[in-house]
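Residue numbers (the numbering used here): 5 to 299.
Listed below in structure tokens is the structure:
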């Protein structure tokens, strides 16, 4: 059995991955990432897992920044031979590999695939952060427009909470976590116990290592029309944040999709398709470069 740590990008998943490692869960043998100014403590993320998930997002018609909408029938229709081959790609898919964790925000979009590959409904720790903070963080880090950042936040959470049925999961809201890290660590340990995973690290020492000043882009209000769009997401965020710290079981949440968010996601999908076409042409023509910004 293993634990999936996921949620929208910029929502504390790296910190939760660090906690999982401190509790004694194994990330496996894949290569990790070096520390960066954006994540000075590390990502607690494996390069081979990210590459694996990126490949599947591309197969499904998108990427982390252009989330594909996948019909339920598509998950059921994945070829068994393809799944058997992919089970050999990562050690976490081995039947004899136990007490592990995997952390990647992209799994928010791929949870049914991971269920099929591991042959079980995996328990999930979900990092949640206010949509304004995420949109501002993506804007500063990647240049993503606020409107599109808000839409991506919604796409990740819609995909994730469509597939929380039949499994144990825990939401850790990042602002609430930073206010009471000791309580959040205890709640995560309770999730691990509920999933039958061992907890060998000290809860107090893990909580003591939390640095609140590493949390950037704490945003109360967005500029211009983006604030009105963010207000559409406030009820959704409040509904999810209200579940902070309580181990859930078999709860599904069908989150709405405002028209503006659907339009923004369609734009991102179109840009992704243009990028794929341009890269294919570049491969044939050599020096030709794509003249579009992706976000």
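Cβ atoms here follow ideal geometry from the backbone N, Cα and C, with glycine treated the same way.
| query | result |
| --- | --- |
| Rounded separation between residue 70 and residue 233 - CA only | 19 Å |
| Beta-carbon spacing of residue 25, residue 48 below 8 Å | yes |
| Those runs of the beta strand (DSSP E) which lie wholly inside the region 121–208 and span at least 3 residues | 128–132 and 172–177 |
| For residue 221 and residue 14, the rounded distance between their alpha carbons | 10 Å |
| Local Cβ density within 10 Å of residue 258, reported as buried at 16 or more and exposed below that | exposed |
| Residue 16 classed as buried or exposed, judged by whether at least 16 other C-beta atoms fall within 10 angstroms | buried |
| Whole-angstrom distance between residue 282 and residue 21, CA atom to CA atom | 36 Å |
| Rounded straight-line distance, which links the Cα of residue 160 to that of residue 57 | 14 Å |
| Meets three-Cβ-pair contact criterion under 8 Å: the region 154–174 and the region 127–140 | yes |
| Buried versus exposed call for residue 253 [16 or more other C-beta atoms within 10 Å across all chains shown] | exposed |
| Those residues which DSSP pairs with residue 6 across a bridge | 104 |
| Residues near residue 280 by beta carbon distance below 6 Å, same chain, minus five either side | none |
| Buried versus exposed call for residue 175 [16 or more other C-beta atoms within 10 Å across all chains shown] | buried |
| Pair within 8 Å by beta-carbon distance, residue 96 and residue 36 | no |
| Other residues of its chain near residue 87: CB distance less than 7 Å, five sequence neighbours each side excluded | 120 and 121 |
| Whole runs of the alpha helix (DSSP H) within the region 59–91, excluding any shorter than 4 residues | 76–81 and 84–90 |
| Cβ pair count under 8 Å reaching 3, the region 144–158 against the region 261–268 | yes |
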